[in-house]
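Q:
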Amino acid sequence: MSETRIPSRAELFLGYAKMGLLGFGGVAAWSRHIIVEEKRWLTEREYAEILGMGQILPGPNVGNASVMIGRRFHGLVGALLATCGLYAGPLTVLMGLALLYDNFADAPGVASFMHGIAAAAAGMVIATALKMGQNLRPPPELIAIGLVALVAAAFLRLPLLLIVFSLAPIGVWLSIRRAYREAPAK
Amino acid sequence: MTLLFQIFLAFATLSLVAVGGATAVLPEMHRLLVVVHGWMDDATFTQLFALAQAAPGPNILAASLMGWNIAGVGGLAMATLGMLLPAAILAWYVAGATHRLRGARWLKPAQFGLVPIAVGLIGASGITLARAATTEWLTWMILVISFVFVWRTKYSPLWVLAGGGALGVALL
């Protein structure tokens, strides 16, 4: 794994603002790209662990991660800066769009442009999941848990609450069991 | 004042059951805003949610837009705070707890056990987006190019998003 570096307060805010503003189709893919690949604040593994915890807490996982990552680097100020960065920019854009909506929706080209972006964003999000899976190299039983979550959400369309709360205890148990078997207590 | 407080309360309640983000609580959001409180009709609700999906940023911002529609800037502030504050406070304390437990040997493996769920659900949201976005061969092509580009390179995905938008304008 490559070396990581600690962001300054300004870098934390700007990095999160970028994720928010570029986050078409949700911010999860951009969040990983910026934190792990572009800025290298965290390793793939550290980021995934924080995101995993953000997933079982209520609220958006990237939003929960912004609180935890901000806190890790700069305490309360860091948590506030990261969270404000994540929401302030897109909120402004969204209000602008809502105000312009009537003219905007019918303008030629706009619908096709958004349609093209949506297709690209879908490809980006699927690739992000695959890339994380490859870089993290989970053992087979955890790969199975990930695939069950994917099928349950994308194809069976089960409620996320049900998926998360039934799979979380199994995933945690399998992962702890493997760790203890591979390195028995001294 | 009472309306603003009601808005805050409605979204704070949603926030605490929103495991998986805004899309997960869409049905409950609809029930609260349209059926229980009657703050907007079905068509407005759907339109606002679609608009928030099309714009960049976390999908949870749909809540802000709805608050704005119900009660202007005050409604926007209350909906946003209601949606973010309870979850953020919880995340803050959980981060503190994991920091205190950092020496425990079960902690890292336990955290890693949650990772496949997060990654699997990112994959699932990509598939859900793909289902809505791929209506003809060109959108499939854009999706595949974007997938390979993001999967195999470390370049900024901004290039494929912009390229996808440009191809859409030129050919769709």
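Heads up: the sequence lines are chains A and B, in that order.
Those letters in the first sequence? Residues 1073 to 1258, by the working numbering.
Those letters in the second sequence? Residues 540 to 711, by the working numbering.
Built from N, CA and C at the ideal position, the CB exists for glycine as well.
Since we're looking at a predicted model, the values are computed, not measured.
Taking 7 Å as the threshold (beta carbon to beta carbon), is Glu-1109 of chain A in contact with chain B?
A: Counting from 1 along the first sequence, the entry for residue 1109 of chain A is found at position 37. With 7 Å as the cut-off, Glu-1109 of chain A counts as an interface residue toward chain B.
Q: For Ala-1192 of chain A and Ala-1201 of chain A, I'd like the C-alpha separation in whole angstroms.
A: Position 120 of the first sequence, counted from the first residue, corresponds to residue 1192 of chain A. Position 129 of the first sequence, counted from the first residue, corresponds to residue 1201 of chain A. Taking the straight line from one Cα to the other gives about 15 Å.
Q: Given a cut-off of 7 Å on the beta-carbon distance, is the pair Asn-1133 of chain A and Gly-1126 of chain A in contact?
A: For the purposes of this step, residue 1133 of chain A is taken as the residue at position 61 of the first sequence. For the purposes of this step, residue 1126 of chain A is taken as the residue at position 54 of the first sequence. Going by C-beta atoms, Asn-1133 of chain A is nearer than 7 Å to Gly-1126 of chain A.
Q: Take every Cβ of the stretch 544-552 of chain B, pair it with every Cβ of the stretch 566-585 of chain B, and state whether three or more of those distances are shorter than 8 Å.
A: Yes, they touch.
Q: Going by alpha carbons, who is nearest to Leu-700 of chain B out of A:Val-1236, A:Phe-1185, A:Leu-1166 and A:Ala-1151?
A: Taking the second sequence and counting its residues from 1, one reaches residue 700 of chain B at position 161. If we check each option's Cα against that of Leu-700 of chain B, A:Phe-1185 comes out closest.
Q: In whole angstroms, give me the CA-to-CA distance for Leu-590 of chain B and Leu-1169 of chain A.
A: Residue numbering aside, residue 590 of chain B sits at position 51 when the second sequence is read from its first letter. Residue numbering aside, residue 1169 of chain A sits at position 97 when the first sequence is read from its first letter. So the alpha carbons of these two residues sit roughly 8 Å apart.
Q: Taking only the alpha-carbon atoms, compute the straight-line gap between Phe-720 of chain B and Met-617 of chain B and give it to the nearest angstrom.
A: This structure does not reach residue 720 of chain B, given that chain B is present from 540 up to 711, and the question cannot be answered.
Q: In this structure, how does DSSP classify Gly-596 of chain B when only helix, strand and coil are distinguished?
A: Within the second sequence, the letter at position 57 stands for residue 596 of chain B. Coil.
Q: Considering only heavy atoms of the ligand COA, does any lie closer than 6 Å to the CB of Asn-598 of chain B?
A: The model depicted lacks the ligand COA and carries no ligand whatsoever.
Q: Are the CB atoms of Gly-614 of chain B and Leu-1222 of chain A within a distance shorter than 7 Å?
A: Here residue 1222 of chain A refers to the residue found at position 150 of the first sequence. Here residue 614 of chain B refers to the residue found at position 75 of the second sequence. Not closer than 7 Å, so no.
Q: Kindly indicate which residue of A:Lys-1111, A:Arg-1209, A:Trp-1102 and A:His-1105 has the alpha-carbon position closest to the one of Ser-1080 of chain A.
A: Against the first sequence, residue 1080 of chain A aligns to sequence position 8. For Ser-1080 of chain A, the nearest C-alpha among the options comes from A:Lys-1111.
Q: Are there 16 or more other CB atoms within 10 angstroms of the CB of Tyr-1119 of chain A, so buried, or fewer, so exposed?
A: Position 47 of the first sequence, counting from 1, holds the residue named residue 1119 of chain A. Tyr-1119 of chain A is buried by the Cβ-count criterion.
Q: Pull the bridge partners of Gly-1131 of chain A from the DSSP assignment, please.
A: Walking along the first sequence from the start, residue 1131 of chain A turns up at place 59. Note: Gly-1131 of chain A sits in a beta bridge opposite B:Val-558.
Q: Using a cut-off of 7 Å between C-beta atoms, extract the partners of Ile-718 of chain B located in chain A.
A: This structure cannot settle anything about residue 718 of chain B, because the visible part of chain B is limited to 540 through 711.
Q: With a threshold of 7 Å between beta carbons, is Phe-651 of chain B in contact with chain A?
A: Taking the second sequence and counting its residues from 1, one reaches residue 651 of chain B at position 112. For Phe-651 of chain B, the answer is yes, since a Cβ of chain A falls inside 7 Å of its Cβ.
Q: With 16 as the cutoff for other CB atoms within 10 Å, does Ala-643 of chain B come out buried or exposed?
A: Here residue 643 of chain B refers to the residue found at position 104 of the second sequence. Under this definition Ala-643 of chain B is an exposed residue.
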